Each structure stands twice: as C-alpha cells, then as structure tokens.
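These notes concern the structure reproduced below.
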Amino acid sequence: MTAPLLEVRNLRVEFPTRRGTLTALHDVSLTIQPGEVLGMVGESGAGKSMTGAAIIGLIEPPGRIAGGQVLLGGRRIDNLPYDQMRHVRGRQIGAIFQDPLTTLNPLYTVGRQLVETITTHLPLNPAQARARAIEWLELVGIPAASQRIDSYPHEFSGGMRQRVVIALALCAEPRLIIADEPTTALDVSIQAQVIALLKRLAREKGTAMLLVTHDMGVIAETADRVAVMYAGRIIEIGPVRQIVKHPRHPYTEGLMASIPPLDRRVERLAAIEGSMPRLSAIPPGCAYNPRCPKVFGRCLTERPELLDAGTTQAACWLHADG
Amino acid sequence: MLEAQDLARYFDVSRPALQRLLAREPRRTLRAVDGVSFAIPKGQTLSLVGESGCGKSTVARLVVGLYPPSDGAVVFDGQPLSVARADPAQRQRMQMIFQDPYASLNPRWRVRDIIAEPIRAFKLVEGKEAILARVGELLTQVGLAPADGEKFPHEFSGGQRQRISIARALSSNPEFLVCDEPTSALDVSVQAQILNLMKELQSRLGLTFLFISHNLSVVRQVSDRVGVMYLGRIVEQAPAETLFTAPRHPYTRALMEAIPDLEMTGRARTPVGGEVPSPINPPSGCAFHPRCPLANARCKAERPVALAAGESLVACHAVEEGRG
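The listed protein sequences derive, respectively, from chains R and D. If you're matching positions, the first sequence starts at 12 in the working numbering and goes up one per residue. If you're matching positions, the second sequence starts at 81 in the working numbering and goes up one per residue.
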C-alpha cells in the first residue's frame, strides 16, 4: 500500500456554547489514497460536511479543531497559519459545494474567476491562464467555451454553473477534491452528467476525492470506499460494495433498507424509528442504541470503537468477537 | 373525485411597461402549465413527477385553488372548483401538505393551536375541551403524543414537523390531499416513516392523494397512477406498474436511466444530454426534441398529442410511429 494522500487522525471538532461545549466530531480517522474516491454518507447533522470543512480549515468560528491531526501528503495542515493554508486550499485541495449559485462571485465573469485562481496557484501569465481556463471549460462540457468564458454566473443554468464550479475547483490541479453534496441541488438528469464528469476527471487526473452526500445511489456509482457517519462519528467504513450490499452496522443496514426501491413496490418501507439525537443529548453507550433493533445490555453503557467486522469495520458490539 | 381538464396557467414575465415600450418588446408569458388533463378516482393516488421547472408544483396550486387557472378547469367531486371553493363545507374536504416543514408551521404558535386552527375556522368542534381532545386524537393518529401539543415547532425534528403538518391537514376531515414534495426535505430513514404513515392513513381514512415529487423511487411506492411532466405538459401518463416496468416516452426512459444505480450492476449509463429548456421560449414541436435520441423532422415541427395505448397516454411521435 502506498502512502495515503490524506490522513485524518482522531479529529475532534468542538463548538463552545452558553450551555457547555458541544462536540460535533469525535475521533474521526480516515485515509484517502491518490486517485481514490471516499464516499461519506449520513443523515443531516451527522457531521459529514463538518469533516470536509475541518479538512480544508473552513470551520465557522466559534467552532474549532480541538484535537487530532490532518495530514496531506505526510505534512500537517490543520495547524497552518491562515496565509499558508490559503495556498494549500485551491492549489492542493479543491472544494466543490452544494449550491453553485453561492460559490461563484456574481460580479465577475466566470473567466475572470478562473484566471484569478489559475494565476494565483500556477506559474502562468494572464494570456496562458485564459487559454487554460477555456480548456477547462471545454473539459467540463460547456459548449462554445471560448465565448462563454466572458459570461457572468447568472447567465448559466444550474447544471452549467455547477460545471463552472467544478472547473474552478480543478483548474489549479489540486491533488484532493472535497465535494460536499455536489449534485444535490441539481435535477436527476443533470446530476447523472455531473457525476459522470467528476468520475472521469478523477480517473484521468489521478485526483483523490472526498465525496460527501446523503444520496446512497450517488455513492454506489462513484465511490471506492464509504464511511458512514452517525452523531459525529464514523460508525462503519469499508469498500463500497460491502457497505451497500452487506452492511455490518445495524444503522447502515437500516439506512440501506429505508431507501425506496425503484424496481418494485413494497407495502411498507423499512423505516428507522425515531431520529438522530441532537449533539446536546447524545445517549450514553452507543449513540444509536435508542433506535437500534439489535440493542443489548452492553450498548447502553459502553461506546464501541470501530471493530473488525469481516469485510468492513463497524463500531458495533455485535462484532466484539471479531 | 378530482378532474383536471386541459388545465393551463400562464405567468406574465414581461418587463415593466415603460421599459418594454422603449425597447419595443412584446409581452412575454411563461407557460408554467400548458394543457394538463388527469382524473383521480376516489381513494387513489396520482403522482406527478418531473424535473424542476416542469410545472408540477403549479399544478398542485391550481388544483387546490391557490392560483386561478388561465385556461381549462378543475372539477372537484362533480362541481367546478370555483364553486366548491366558495362553500366552506366543500372547501374543508381538500387540504395541502407542503414541502418544507420548517417554513409551513408558524414558529410562534403552539402545536395544538396550529392543528386546531382549521377546526376552529370550519367550526367542526365546539368548546375548548372538545377541540383539545380532537387535537390529541390527531396527534396520536400521526404517531405523536397528545402532550406534544403544548410544545412549539422548533422543539421537533424535520420528520416530526412533517407529522404535525399532516395532522393539521387531517384536522378538517379532508377526503382529498395535495402533497407537494412532502418528503424532499427529510432524511431517507425519516422519509420512509412519513411515506408509511401516509399509506397507512390512506387505507384507514380512504384518502385521495395528488402527490407531487421529483423522486421516482418515492413515486413508485405511493402511486396508483403516474404522470410524467416536461415543460408544462404531461408527456406520459400510465398506471404506476406499467410506467415503471415498460416506460414508453423517451423522456420517461431517460429519467429512469439517469437514476444512480444502487444495485451496482456496473451497467454503463448514458445520461441524457442537455437541460430543460426555458418555458418562456419553449422549443417548437415536441418540447423534448432537442434532447431526444429519437427526434426527427416531424418532432421539430408538430407538437404531439397524448394518444391512448392500453391504459397509458403517451405524447410522442416516435412511439406513435413505432420508432421507439
């Protein structure tokens, strides 16, 4: 196994509030190899987006990284001063967010935004940068790129705008992309186009990707490995096929079973009763125990770490004997 | 129970009169819904699916009378909607559930007041005690506790709020419910709870649903009949089973093809190219022709009408000519 491109070790993110400190992320550890796509799923509030934000150092204050390390290519980046981190972002790590409307500056043409990013991070003069920007727009599938480069973001449709955002994230040729719900705001036919594009670019350029989404279908099609998050922790991690087909954690099982199937009608969907606990009211023991159909004594008092569960790693006492 | 006859709704999106005059521009209209017909028998669910901007939410609003139609008519239980709307006894028979449970509940009202409002408005139950008892009953019916009535909406999660919306909709004893994307704002495990609840209530109370969604898998679970909308028109309408096992219209097929595959068969998908065109300036002929793999000269020139094929209605020249 080659050295991982990204390594996150025991990451902990805290939010101080008037009623005490809330811990949004507990002990999150993961690695991503060059060229690999790691999917991250979970329900809203599970901490998926927070993980992405922590890696690129964009946690909204008063939130802060309270423990753990983030290493990119073996070098720590979680403790870099703001100025140095700015160069890591963009040059080394590209970010794609959910809403393509708010990511782009509405006052500048897309060309100006691309050229600015390229000249900031790559040793090119403005003319070369513009040529490079046109190449990127062509690569992400924008028709008549050499004319469209002088358009403003509002002149593009949602799907086209998200393509511009992808071009913007990739144009400095980063080694890692953090894609936070890149297709959620898009219609299903456009979503398919954007997923295909992301997959192709990651493969061609050997870029690693952390793909954060709540859509299991997108993960199944795109990711190599999957991390499932619940209440601020990774509760299962493993190869995508195993997670989708043979999940080992009862939460992952419930999550997979509650997805309505497209190919048949079922009388009653398998829902997970209740909802995810708030950060301020996480139960003792395993955070999933109030909703878990397989709960037993130990789950109520002791919190399981990630345990070897055969094909995946699952934080569940059912796998305590390996 | 409910019938839409050639329903249409146009919006005037012209620039202000003076600017228009100076630039010598004509008026511009957006045809959000352009000739939609369907009928929902009692106790059944009709779903409308389509991508954003196809007009499905506008249809929902037309059906409950939140917009007056520009053309065509809605017939509710044998009488025109405008007549039914004027009569409180008829009006209380239809209710609507909205997409966003964070925006559709008044944050400053207690849940019991939110649910009791239709009861008070229609004077269904008289007396404080009796109203409270009815609210408790409704809360139990949607899987909450009567004591939850004392709380405010912010104390509930998204799924619980959607249950409150359902309880409010049920409070006037409606027979017909319009659900506009009722689970789109919810997580998948909670979505399953709400879908189960809706199906259960339907069989228990004999409700009729018009269900609006962009999610084909959700639609498959709840519908008896499905209409697929594209740019303000229904391009294919069929019994749910038929539509999902044997889709006819190229757009329906493209939509199904585009859904990410959870079964991981590894089949190579060919995503449909292009995007939904603007309804202000729709393409000539069949609105889908610029993206359609089967389009020919006739599709560019002539707008297809919906033709019956078995229990289905399909508006496509290629299907009609057997080119599909």
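Every residue, glycine too, gets a C-beta built ideally from N, C-alpha and C. Please read all numbers here as calculations on a predicted model, not as lab measurements.
Residues of the same chain with a CB within less than 6 Å of the CB of residue 271/D, apart from the 5 flanking positions on each side, are 263 in chain order. Restricted to the region 309 to 370 of chain D, the alpha helix (DSSP H) segments that are unbroken, complete and at least 4 residues in length are 320 to 325, 330 to 338, listed in chain order. Close partners of residue 200/R in chain D (Cβ separation under 7 Å): 131, 334, 335, 338, 351, 352.
Between residue 233/D and residue 311/D, the gap from beta carbon to beta carbon reaches 8 Å or more.
Taking a contact to require three or more Cβ pairs closer than 8 Å, the region 281 to 295 of chain D and the region 110 to 123 of chain D qualify as touching. Between residue 196/D and chain R, the shortest Cβ-Cβ separation is not below 8 Å. When DSSP assignments are scanned along the region 145 to 228 of chain R, the uninterrupted stretches of alpha helix (DSSP H) that are 4 or more residues long and fall wholly within it turn out to be 156 to 159, 169 to 181, 199 to 216. A buried status is given to residue 89/D, since no fewer than 16 other beta-carbon atoms sit within 10 Å of its beta-carbon. The beta-carbon of residue 275/D is placed less than 8 Å from the nearest beta-carbon of chain R. For residue 259/D, the enclosing beta strand (DSSP E) stretches over residues 256 to 260.
For residue 276/R, at least one C-beta of chain D is nearer than 8 Å to its own C-beta. One Cα belongs to residue 365/D, the other to residue 317/D, and the distance between them is close to 19 Å. Here the C-alpha atom of residue 273/D lies approximately 29 Å from the C-alpha atom of residue 316/R. Membership of residue 62/R in the alpha helix (DSSP H) is indicated by the continuous run 59 to 66. At the C-beta level, residue 230/D and residue 188/D stay beyond 8 Å of one another.
Among the CB atoms of chain D, none fall inside 8 Å of the CB of residue 29/R.
A distance of 8 Å or more separates the beta carbons of residue 323/R and residue 265/R. Beta-bridge partners of residue 93/R (DSSP): none assigned. Distance from residue 244/R to residue 218/R at the Cβ level is roughly 27 Å; contact not present, criterion being Cβ atoms closer than 8 Å. If you check the CB distance, residue 51/R and residue 221/R come in under 8 Å. Among the bridge pairs identified by DSSP, residue 249/R is matched with 237/R.
Contact with chain R is absent for residue 375/D, since none of that chain's Cβ atoms lies less than 8 Å from the residue's Cβ. Per DSSP, the continuous beta strand (DSSP E) segment holding residue 105/R begins and ends at 104 to 107. Looking only at 166/R, 151/R, 80/R, 145/R, the smallest Cα-Cα distance to residue 160/R is reached by 145/R.
Collapsing the DSSP output to three states places residue 160/D in a strand. Within the region 217 to 244 of chain R, the residues whose Cβ lies closer than 9 Å to any Cβ of chain D are, in chain order, 225, 226, 227, 228, 229, 230, 231, 232, 233. Taking every protein chain shown into account, the CB of residue 254/D has 16 or more other CB atoms within 10 angstroms, so this residue is buried.
By the Cβ-count criterion, residue 332/R is exposed, with fewer than 16 other Cβ atoms from all chains shown falling within 10 Å of its own Cβ. The Cβ-Cβ distance between residue 245/D and residue 181/D falls below 8 Å. Counted as a single uninterrupted DSSP element, the alpha helix (DSSP H) harbouring residue 269/D occupies residues 268 to 285. Where residue 308/R is concerned, there is no enclosing beta strand (DSSP E), although the alpha helix (DSSP H) around it starts and stops at 308 to 312. Here the alpha carbons of residue 213/D and residue 234/R stand approximately 51 Å from one another.
Using beta-carbon distances, residue 300/D counts as an interface residue toward chain R, with a partner under 8 Å.
With its beta carbon less than 8 Å from one in chain R, residue 272/D belongs to the interface. Residue range 111 to 114 is occupied by the alpha helix (DSSP H) that includes residue 111/R.
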